[in-house]
Amino acid sequence: MNKLLTISLSPHIFKKDSVNKIMLGVIIAMLPAFGVSIYIFGVGALKITVLAVLSAVLFEYLIQKFLLKSGSTINDYSAVVTGMLLAFNLPSNLPWWMVIIGSLVAIGIGKMSFGGLGNNPFNPALVGRVFLLISFPVSMTSWPVPLKDKLSLDAITAATPLGIVKEGLGNNQAVSSLMSSVPSYLDLFLGKVGGCIGEISVLALLIGLAFMLYKKIITWHIPITMVATVATFTGILWVFNPAKFADPLFHILTGGVMLGAIFMATDMVTSPMTKKGMVVFAFMIGILTVLIRTFGAYPEGVSFAILIANAFVPLINKFCKPKRFGE
Amino acid sequence: MKKTKTFPKGGVHPKENKISSLKPIEKLDLPETVIIPVSQHIGAPSKTIVNVGDKVKTGQLIAKAAGFISANIHSSVSGEVIKIDLIEDPSGYKKQAIIIKVEGDDWVEDIDLSEDIKKDINVEATEIKDRVLSLGIVGLGGATFPSHVKLSVPESKKVDYLIINGVECEPYLTSDHRLMLERGEEILIGTQILLKGLRINKAFIGIENNKPDAIKHLTELAKNYNGIEIISLKVQYPQGAEKQLIKAITGREVPPPPRGLPIDVGCVVHNVGTAFAVYEAIQKNKPLVDRVVTLTGKQVKNPSNYLVRIGTPIANLVEASGGLPQDTGKIISGGPMMGRAITTLDMPVTKGTSGVTVISESESTRETVLNCIRCGRCVEACPTGLEPYLLMALSEKNLMEKAEQERIVSCCECGCCAFTCPSRRPLLDYIRLGKTKVMNIMRRRQ
Numbered sequence: 021m022n023k024l025l026t027i028s029l030s031p032h033i034f035k036k037d038s039v040n041k042i043m044l045g046v047i048i049a050m051l052p053a054f055g056v057s058i059y060i061f062g063v064g065a066l067k068i069t070v071l072a073v074l075s076a077v078l079f080e081y082l083i084q085k086f087l088l089k090s091g092s093t094i095n096d097y098s099a100v101v102t103g104m105l106l107a108f109n110l111p112s113n114l115p116w117w118m119v120i121i122g123s124l125v126a127i128g129i130g131k132m133s134f135g136g137l138g139n140n141p142f143n144p145a146l147v148g149r150v151f152l153l154i155s156f157p158v159s160m161t162s163w164p165v166p167l168k169d170k171l172s173l174d175a176i177t178a179a180t181p182l183g184i185v186k187e188g189l190g191n192n193q194a195v196s197s198l199m200s201s202v203p204s205y206l207d208l209f210l211g212k213v214g215g216c217i218g219e220i221s222v223l224a225l226l227i228g229l230a231f232m233l234y235k236k237i238i239t240w241h242i243p244i245t246m247v248a249t250v251a252t253f254t255g256i257l258w259v260f261n262p263a264k265f266a267d268p269l270f271h272i273l274t275g276g277v278m279l280g281a282i283f284m285a286t287d288m289v290t291s292p293m294t295k296k297g298m299v300v301f302a303f304m305i306g307i308l309t310v311l312i313r314t315f316g317a318y319p320e321g322v323s324f325a326i327l328i329a330n331a332f333v334p335l336i337n338k339f340c341k342p343k344r345f346g347e
Numbered sequence: 023m024k025k026t027k028t029f030p031k032g033g034v035h036p037k038e039n040k041i042s043s044l045k046p047i048e049k050l051d052l053p054e055t056v057i058i059p060v061s062q063h064i065g066a067p068s069k070t071i072v073n074v075g076d077k078v079k080t081g082q083l084i085a086k087a088a089g090f091i092s093a094n095i096h097s098s099v100s101g102e103v104i105k106i107d108l109i110e111d112p113s114g115y116k117k118q119a120i121i122i123k124v125e126g127d128d129w130v131e132d133i134d135l136s137e138d139i140k141k142d143i144n145v146e147a148t149e150i151k152d153r154v155l156s157l158g159i160v161g162l163g164g165a166t167f168p169s170h171v172k173l174s175v176p177e178s179k180k181v182d183y184l185i186i187n188g189v190e191c192e193p194y195l196t197s198d199h200r201l202m203l204e205r206g207e208e209i210l211i212g213t214q215i216l217l218k219g220l221r222i223n224k225a226f227i228g229i230e231n232n233k234p235d236a237i238k239h240l241t242e243l244a245k246n247y248n249g250i251e252i253i254s255l256k257v258q259y260p261q262g263a264e265k266q267l268i269k270a271i272t273g274r275e276v277p278p279p280p281r282g283l284p285i286d287v288g289c290v291v292h293n294v295g296t297a298f299a300v301y302e303a304i305q306k307n308k309p310l311v312d313r314v315v316t317l318t319g320k321q322v323k324n325p326s327n328y329l330v331r332i333g334t335p336i337a338n339l340v341e342a343s344g345g346l347p348q349d350t351g352k353i354i355s356g357g358p359m360m361g362r363a364i365t366t367l368d369m370p371v372t373k374g375t376s377g378v379t380v381i382s383e384s385e386s387t388r389e390t391v392l393n394c395i396r397c398g399r400c401v402e403a404c405p406t407g408l409e410p411y412l413l414m415a416l417s418e419k420n421l422m423e424k425a426e427q428e429r430i431v432s433c434c435e436c437g438c439c440a441f442t443c444p445s446r447r448p449l450l451d452y453i454r455l456g457k458t459k460v461m462n463i464m465r466r467r468q
């Protein structure tokens, strides 16, 4: 026998799974929400998303080629996911150059400066978003209302339900009187509301969640714990004083709670390794979100809450060990 | 049927690929020469007691156990010892082997070669252990731990259960499955002998439920035997790993190394093949000179189960099943999850060879290693509750003290982590490296 044989250690077979399959799964899971955003906000949403994805991929390619002089990893689709998630967190009428700056910050500072996929401590898309939010607060909080004319690019803007409630409460109005000026809960669930591109339709996001759970891309631990924590915490506040605090359903249907719980906090790279850790992490995000929303200066706090919790992931990993067999 | 049992955490489910499960065990023709290594078991290599030129009979002792954890080795053929030489075995190291030129098949007289099943057990408990030792029985599941050691229960320990491992959770392999179907009665008698040797009266035979025919067959037969219960187990790798099997069946957890042994939780585990070998040893006075080996692989023309004399070159098995396929990338002694890739077909079948798996070229090429994306799938898959990603990083950076704290020596090397990793990281390779280093450090410390 003159054949050369491969010699390597066990295991000799591997599961048919890969990083790009996982990333592709996440992209597919985002499509329902993307579809709804185009329906609600028209071409603006499409334009922003395409721009964010293309610029994210291009920046990753350029940084690796000219700055790091390493091989390109754009084939793993993670830059596509980052670009899409960034776009999901932006209003659909944001100036195009801000989107590109957001992509550059997300990929350049959020991801590549730490060594690329897998090494970044913070969710890159959120790094990009928060950078934009702090740099261009006016543009980042001018929310277009759902369009009548789908092809128009000149959207009318208005405050989001969270903004209305925050401002109203600031002026000592009761929650009940403010509720007349926010869309019905059914509209909030379906997505007929102003807001970020990807966050509006709870239904579409839940379809994405179901797909990712079915494909075993993520587990229930982060999304369910996070939403449950937000609901419980706001529920306690609401029972305590319904005139000053909005009800739990309002909190989970509005803003970025669903988007954050399903797509942002579940980012594998920046979330804990064990189930126990994931529950702790998601609980933390839930608490921080409610604290920022009800007691902080911003009407919405999901992005900050996730970024803060991201910083705790190494600690969580250190303390939430799996149960060792036989101990 | 009762609910299927399983171990609580981790594990994976590779494609089972039990393509040879319907092939009855065939007797493989005697080779021209056999190569019998003197180190086919865990423990000290046996001491050769024959010289070049000696004539030996089938079943004759040719190497003696050297110490308590060691095993006797018998000639598997009759003929002339032509060489005592160093040969490479699947571990990659050169080890001494006795090479015998086959001349006919002349057995030692007092071995009963009839096919009759002998049910009555006419030996005393103490004699069982001595016979198992003298007839060279070792664990046939792959670990080849000398069986008499497991029958020597220290005074301070108490055994409650005997567990017979018929799980065969490795993909592809079917030798235990066939043995249970064709030699069920003998396995049960062997189990009773082991029970008697341990002076207990409760045995479980654990079988994965992808072998419903074997479960049914043995359950039927077990009605005539007291104290033997057949347990149906979920198809989940590594169901057949000793600690996982004990946990699945009895709910007891063997403590981690260096202290933990099955006996610490009152269990003794033997493979079904070992139970069969014990039957042959006690009832027929037959030493361990042959075993069932599965020769398999997707491209293999005729994947089969063979009854093979120890020392037969693997090439003979390959020949019998239709030759080496055109598309061969790797030949594995054992199954694809824990087996060892071998360098040449000249290597012999030993007591621990449960199968030979031929893997195609495309399957044996490892894919590009990517960054860890911290998905946690390895942590999820580890049945021991370790964090493979962390152990690999510690091993890579040579942080052995930390690796020891993180229980690197508890790793059973089942390979679930590397199997499941989407970034194709060589987790187990690095963990093995770290584990060896840590074990050396621990040994030196003592």
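Note that the protein sequences, when read in sequence, are chains X and C. Residue numbering for the first sequence follows my numbering, beginning at 21 and increasing consecutively. Residue numbering for the second sequence follows my numbering, beginning at 23 and increasing consecutively. Here a beta-carbon is modelled for each residue, glycine too, at the ideal position from N, C-alpha and C. Just so you know, these numbers come straight off a predicted model, no measurement behind them.
Starting from residue i, trace the beta strand (DSSP E) in both directions and tell me its first and last residue.
i: Asn187 of chain C; result: 183-187
i: Arg331 of chain C; result: 326-331
i: Gly101 of chain C; result: 101-110
i: Arg153 of chain C; result: Not the beta strand (DSSP E): Arg153 of chain C falls in the alpha helix (DSSP H), residues 147-156.
i: His271 of chain X; result: Note, His271 of chain X: premise wrong, no beta strand (DSSP E); alpha helix (DSSP H) at 268-273.
i: Glu230 of chain C; result: 225-230
Mapping DSSP to helix, strand and coil, what is residue i?
i: Thr70 of chain C; result: strand
i: Pro168 of chain C; result: strand
i: Phe332 of chain X; result: helix
i: Gln468 of chain C; result: coil
i: His199 of chain C; result: helix
i: Ala87 of chain C; result: coil
i: Ala251 of chain X; result: helix
i: Asp51 of chain C; result: coil
i: His241 of chain X; result: helix
i: Gln305 of chain C; result: helix
i: Phe34 of chain X; result: coil
i: Glu125 of chain C; result: coil
i: Met23 of chain C; result: Since pLDDT at Met23 of chain C reaches only 48, below the 50 mark, its modelled position is unreliable, and the value read off the structure follows with that caveat. Reduced to three states, the DSSP call for Met23 of chain C is coil.
i: Leu255 of chain C; result: strand
i: Lys295 of chain X; result: helix
i: Ile209 of chain C; result: helix
i: Gly377 of chain C; result: strand
i: Asp312 of chain C; result: strand
i: Val291 of chain C; result: strand
Distance cutoff 8 Å, beta carbons only. Does residue i sit that close to anything in chain C?
i: Ile242 of chain X; result: no
i: Val77 of chain X; result: no
i: Cys340 of chain X; result: no
i: Ser221 of chain X; result: no
Sort the options by Cα distance to residue i and report the nearest one.
i: Pro30 of chain C; options: C:Gly219, C:Thr213, C:Gln261, C:Val130; result: C:Gln261
i: Glu54 of chain C; options: C:Leu455, C:Val124, C:Met422, C:Ser100; result: C:Val124
i: Phe339 of chain X; options: X:Phe108, X:Val300, X:Leu225, X:Phe134; result: X:Val300
i: Ala60 of chain C; options: C:Cys438, C:Lys373, C:Ile143; result: Just to set this straight, residue 60 of chain C is Val in the shown sequence, not Ala. The shortest C-alpha separation from Val60 of chain C is found at C:Lys373.
i: Asn39 of chain C; options: C:Cys394, C:Thr318, C:Cys439; result: C:Thr318
i: Ile226 of chain X; options: X:Gly103, X:Arg313, X:Ala331, X:Ile282; result: Ile is not the amino acid found at residue 226 of chain X; the sequence shown has Leu there. Residue X:Ile282 is the option with its Cα nearest to Leu226 of chain X.
i: Leu184 of chain C; options: C:Leu135, C:Thr196, C:Leu210, C:Val322; result: C:Leu210
i: Pro181 of chain X; options: X:Val213, X:Ala285, X:Ala194, X:Asn337; result: X:Val213
i: Ile353 of chain C; options: C:Glu385, C:Phe167, C:Arg331; result: C:Glu385
Using 8 Å as the limit for Cβ to Cβ distance, is residue i near chain X?
i: Met23 of chain C; result: Interpretation of Met23 of chain C is limited by its pLDDT of 48, a score under 50 that renders its predicted location unreliable; the figure taken from the coordinates is listed afterwards. No, Met23 of chain C lies away from the interface with chain X (no Cβ there is under 8 Å from its Cβ).
i: Glu409 of chain C; result: yes
i: Thr406 of chain C; result: yes
i: Ile430 of chain C; result: no
i: Lys320 of chain C; result: no
Would you kindly report the start and end of the unbroken alpha helix (DSSP H) that includes residue i?
i: Glu242 of chain C; result: 234-244
i: Glu187 of chain X; result: 181-190
Please indicate yes or no: does the CB of residue i lie closer than 7 Å to some heavy atom of the ligand ZN?
i: Val101 of chain X; result: This structure lacks the ligand ZN; in fact it carries no ligand of any kind.
>> At 4 residues or longer, what runs of the alpha helix (DSSP H) sit wholly inside the segment 428-468 of chain C?
In response: 438-442, 449-467
> Considering only residues of the segment 316-368 of chain C, which uninterrupted beta strand (DSSP E) runs meet the minimum length of 3 residues and lie entirely inside it, listed in chain order?
Replying inline: As far as the segment 316-368 of chain C is concerned, its whole beta strand (DSSP E) runs of at least 3 residues are 326-331, 352-355.
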